[in-house]
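Written below as structure tokens is the structure these notes are about.
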Amino acid sequence: MTNPSQQPNYSGKFSSIYDLFYAHKTYAHEADFVHTLLLRFGKQPAQKILELGCGTGTHSFLLEKKGHEIVGTDLSPDMISKAKIKAETMGSKISFFAQDMLQLDQPARPFDAVICLFDSICYVTGNADFETLLTRIHAHLKPGGLFIFEFWNAAAMIQHLDPIRISRLHDQEHEYIKISEAHLDYQRQLYKVTYTLLEINPAGRCQTFTEGHVNRYFQVQEMAYFLTRAGFTPLKWYAGYSQDETITADTWNILCVAQT
């Protein structure tokens with residue numbers, strides 16, 4: 000995740016419970032689908048992959064098991080710390096780095112592919128910054144390299160935003176209640192959400208943690224324009240992690256495959 004002007008998102012308590020709150024996410028299916036795209040569109044086997052916004056590394060570990068060599072980056076040092084602990088426990092060879100996307104500079108370049116999943120690219124909200132990011136990504140790819148990424152669909156965000164969501168989970172020691180309060184800035188195409196986390200211990204005592212996130216949402220043609228300006232050729236647009244290429248106002252997440 001990247002948020003250049005503020006403390007990194009998913010820091011402190013929010014990083015420690017991240018995997019708990021996203022345990023339901025279909026990581027295995029998503030990694031399988033990305034692997035299929037790498038095989039389908041790559042001009043050569045995509046052995047060497049850079050993941051941006053890797054979080055605690057779950058997608059990276061799954062792709063490593065499919066034979067890929069992975070480098071993972073995330074703005075949050077706390078998330079990277081968790082990824083490194085998991086890597087050591089699993090015997091993984093993945094290299095993880097705390098790095099802002101906008102300062103992307105990996106000595107292991109060039110890569111066969113760069114991936115950025117779970118809408119992490121949407122944390123870069125300004126036009127100039129977004130163009131800088133795409134230029135840096137392009138510079139990290141081999142000729143014919145792939146950029147596979149996921150972003151919020153503007154139409155779905157505008158039509159179907161749920162301004163308040165509450166989720167409740169437990170681990171062995173605590174109960175957690177997560178409250179999401181969101182609104183849209185239509186002029187700047189921004190989704191602004193405040194997360195309030197209540198951590199309740201067995202004695203009933205409660206601690207409260209708060210974190211704010213700002214994401215941008217995009218239209219397909221808008222994204223195609225940015226990609227083309229940065230030297231990419233958009234190849235496919237998918238309605239999430241499926242073969243469905245029909246993007247509608249009900250499509251929350253769009254997965255794009257672009258090539259240098």
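For the sequence shown, numbering that gives the first Met the number 0 gives the first residue as 0, with consecutive numbering after it. Every residue, glycine too, gets a C-beta built ideally from N, C-alpha and C. Being a predicted model, the structure only gives us computed values, none of them experimental.
In this structure, Phe60 lies away from Gln258, with their beta-carbon atoms at least 8 Å apart. Counting only the Cα atoms, Phe117 lies some 24 Å from Gln186. The segment 77-96 makes no contact with the segment 23-43, as fewer than three CB pairs between them are under 8 Å.
Taken through DSSP and simplified to helix, strand or coil, Asp104 comes out as coil.
The beta carbon of Gln46 sits closer than 7 Å to the beta carbons of His67, Glu68 and Asp111 from its chain, once the five residues preceding and following it are set aside; these are given in chain order.
Sorting Asn252, His173 and Glu149 by C-alpha distance to the C-alpha of Cys53 places Glu149 at the top. In the structure shown, Phe60 adopts helical secondary structure according to DSSP, grouped into three states.
Taking a cut-off of 8 Å for Cβ pairs, the segment 124-131 and the segment 195-206 do not touch, as fewer than three such pairs fall below it.
Distance between Met89 and Glu63, taken at the CA atoms: about 11 Å. DSSP lists Asn252 as the bridge partner or partners of Trp151.
For the options Lys235, Pro106, Gln242 and Ala248, the alpha carbon positioned closest to that of Arg135 is the one of Pro106. Rounded to the nearest angstrom, the gap between the Cα atoms of Gln242 and Met156 is 22 Å. Between Thr55 and Lys85, the gap from beta carbon to beta carbon is short of 8 Å.
When the five nearest sequence neighbours on each side are left out, the beta carbons in the same chain lying within less than 6 Å of the beta carbon of Glu174 are those of Ile199, in order along the chain. Cβ atoms of Cys121 and Arg215 come within 8 Å of each other, at about 5 Å.
The beta-carbon separation of Asp77 and Ser10, rounded to 5 Å, stays under the 8 Å limit for a contact.
Relative to the Cα of Leu19, the nearest Cα in the group His139, Ser166 and Leu38 belongs to Ser166.
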